[in-house]
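Counting in this note's numbering, the first sequence runs from 231 upward without gaps.
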Amino acid sequence: MIDLKDLRDNPDKYKDGARAKGVAVDIDRLLELDTQHRALLAEQESQRATQKKLSKEIGPQIGTLRKQLKTVPETHSSEIESQIRELEEKPLQLKNRIAELDEQIAAIKPKLETILLAIPQPPDPDVPPGTSEADNVQLRTWHPNWFNPSKSFVDNKGFAPRTHMQLAEMHNLVDFERGVKMSGSRSYILTGDGARLHQAILRLAFDFITTEHGFVGCTVPVIVREEMMVGTGFFPAGHDQAYHIEESKRGSGHDLFLTGTGEVSLMAMHADEILSADQLPLQYATVSTCFRREAGAAGKDTAGLYRIHQFDKVEQVVICKADETESRQWHQKMIGIVEALLQKLEFPYRLLQCCTGDLGPKNADMIDIESWMPSRGDVDADGNPAGAWGETHSASRLYDYQCRRLNLRYRNDQGKTVFCHSLNNTVLASPRVLIPLLELYQNEDGSITIPKALQPYMNNQQRIG
RNA sequence: GGUGGGGUGGCGGAGCGGUUGAACGCGCCGGUCUUGAAAACCGGUAUACGCCUCGGCGUAUCAUGGGUUCGAAUCCCAUCCCCACCGCCA
231 MIDLKDLRDN PDKYKDGARA KGVAVDIDRL LELDTQHRAL LAEQESQRAT QKKLSKEIGP
291 QIGTLRKQLK TVPETHSSEI ESQIRELEEK PLQLKNRIAE LDEQIAAIKP KLETILLAIP
351 QPPDPDVPPG TSEADNVQLR TWHPNWFNPS KSFVDNKGFA PRTHMQLAEM HNLVDFERGV
411 KMSGSRSYIL TGDGARLHQA ILRLAFDFIT TEHGFVGCTV PVIVREEMMV GTGFFPAGHD
471 QAYHIEESKR GSGHDLFLTG TGEVSLMAMH ADEILSADQL PLQYATVSTC FRREAGAAGK
531 DTAGLYRIHQ FDKVEQVVIC KADETESRQW HQKMIGIVEA LLQKLEFPYR LLQCCTGDLG
591 PKNADMIDIE SWMPSRGDVD ADGNPAGAWG ETHSASRLYD YQCRRLNLRY RNDQGKTVFC
651 HSLNNTVLAS PRVLIPLLEL YQNEDGSITI PKALQPYMNN QQRIG
């Protein structure tokens, strides 16, 4: 959520921001509604003030008259009753006017909030303009000595690559058919060493972020209330991407949603709280199952483990003071953690500065990290895929956009309550990450060397096949 | 799933239709006293929004949302949450 007061002062900042992100939102309409809303509120409040004052005068008078009614002979009672009635009628006009104003305010408020929630965070000025991921800008790349993605796979390893699907089939690592039988398209079963690799790499990532980088590990609910989806900024825009559990249809007071990332629960933990400054920064990590409907992605990346409905992800979030410099430092630090992990695994990767159109509604800035996936990209004359970068990580910087929605604040040195800043980044998501693992570490005979960093988590096993 | 009891400020805990944003205690902050500290005493101590002559003023908030009433923390309804017991269960 953006700051309505700031929007009043700088409407163009938000109009430009929405335009840069390609989000259609009627900010002029919001300003109009806001003006109306405030006028009504002012009148309603002053009417209420008069009503309160009047009530305090009348109240005791009615009280005394009622007491009199009990003691006085019946001959006088009708006179007292009419006095009471007279007093009671006094605030009636006010009451009607207030009810009228209440109604008008109640009619405007949801309209106002709908627009307010839809206004995206303006991109930072240093974010390059663009309309889609095609306009993202490569910042830097890294690769191990033994695999340079600027050369072909054959040049790197001396043989033609198999895809992760072929490798998975060879070694019975994934059962796509039965996964689909059970749960439809984009479903899978990790089996045998596939399941072990998955657990091993998640555990490696979880240990790395918690023990080496001091993030507090948490297990969190992956089924949450709608307000948490709204609070973290995934709703309303991402409503179609979330699985919806309609508990209200079964008599419950509210529906639930499956989270598409551990970020939701990690951030929602402190919703509606006022933290003390010395609690900050909060560094949390979780490994959680993520659910994504992939609505609108029909036909895209349908084969293999790339785009699936359910996966597991180690996620990191930071909640820090409302300080841009600190926020930016954390962003760099969180990216550095991922780079260190990928270097441990010896995966070639690159950093991409996402352009304005690719940021999503809540981010001021986003850096994607992509790992080299030999099976992606165009197929050459020999029938070998050229390989391509595939997104494995995404590091977001949100200022107070998310904390404002979550009502997550802290008390600063002056004792004022201030919305925190928040950031999040993938640590590692599997099984997508098994794509580079299997494909990069395959040998000519189809066997797979297990990365050194992973071997301790695989009972010191060195190869598959 | 069933039955019963509850949700009041940072915490504990009163209030159960009329100057109650809320007694009292604890905690916290400031002050007096003290060489210093403690004790004692005095004062202060919520959040949000709106208005504004930047000193304030107003409104809302006693789980949440409705309702009754001239007036609701207090009465009614719905929902959420917590606790206890029973049932079911990894």
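Where a beta carbon is used, it is the ideal one built from N, C-alpha and C, also for glycine.
Contact check, residue i vs residue j, beta carbons under 9 angstroms
| i | j | result |
| --- | --- | --- |
| Glu477 | Asp485 | yes |
| Met459 | Val404 | no |
| Tyr244 | Ile349 | yes |
| Thr489 | Cys448 | no |
| Ala525 | Phe438 | no |
| Pro352 | Asp246 | yes |
| Tyr536 | Gly620 | yes |
| Phe577 | Pro661 | no |
| Gly587 | Pro359 | yes |
| Gln266 | Ile328 | no |
| Ile504 | Thr647 | yes |
| His474 | Phe464 | no |
| Ile257 | Leu427 | no |
| Ala697 | Phe406 | Coverage of the chain is limited to positions 231 through 695, which leaves residue 697 absent and any answer about it impossible. |
| Ile431 | Leu572 | no |
| Thr371 | Arg580 | yes |
| Ile419 | Arg408 | yes |
Residue i, buried or exposed, once every other Cβ within 10 Å from all chains shown has been counted against 16
| i | result |
| --- | --- |
| Asp542 | buried |
| Leu684 | buried |
| Met603 | buried |
| Gln513 | buried |
| Lys682 | exposed |
| Gly422 | exposed |
| Glu756 | Outside the displayed span of the chain (231 to 695) sits residue 756, for which this structure offers no information. |
| Val609 | exposed |
| Gly492 | buried |
| Arg639 | buried |
| Asn386 | buried |
| Pro340 | exposed |
| Gly461 | buried |
| Arg522 | buried |
Three-state class that DSSP yields for residue i in the structure shown
| i | result |
| --- | --- |
| Thr647 | strand |
| Gly620 | strand |
| Tyr536 | coil |
| Ala570 | helix |
| Trp560 | helix |
| Cys550 | strand |
| Ile335 | helix |
| Ala683 | helix |
| Gln381 | Reading off the sequence, residue 381 comes out as Lys, not Gln. Residue state, collapsed to three classes: coil. |
| Leu628 | coil |
| Met596 | strand |
| Gln672 | strand |
| Lys320 | coil |
| Arg641 | strand |
| Ile694 | strand |
| Phe351 | Going by the sequence as given, residue 351 is Gln instead of Phe. Reduced to three states, the DSSP call for Gln351 is coil. |
| Ser660 | strand |
| Asn655 | strand |
| Asp610 | coil |
| Met231 | coil |
| Leu589 | coil |
Determine, using beta-carbon pairs with one atom in the region 652–664 and one in the region 562–581, whether at least three such pairs fall under 8 angstroms. yes
Give the list of continuous beta strand (DSSP E) stretches no shorter than 3 residues that lie fully inside the region 447–533. 453–455, 486–488, 504–506 and 512–521
Taking 8 angstroms as the cut-off, does the region 617–628 touch the region 596–603 (at least 3 CB pairs, one atom from each stretch)? yes
Measuring CB atoms only, is the region 546–555 touching the region 642–654, in the sense that at least three cross pairs come out at less than 8 angstroms? yes
So does the region 317–326 actually touch the region 281–290, counting three or more Cβ pairs closer than 8 angstroms? yes
Is it true that the region 632–643 meets the region 611–619, where meeting means three or more beta-carbon pairs spaced less than 8 angstroms apart? no
Meets three-Cβ-pair contact criterion under 8 angstroms: the region 261–274 and the region 361–368: no
Report yes or no: do the region 505–515 and the region 386–402 share at least 3 C-beta pairs separated by less than 8 angstroms? no
Check whether the region 408–417 and the region 384–398 are in contact - that is, three or more C-beta pairs closer than 8 angstroms. no
Can you list the beta strand (DSSP E) stretches of 3 or more residues lying completely in the region 383–458, in chain order? 446–448 and 453–455
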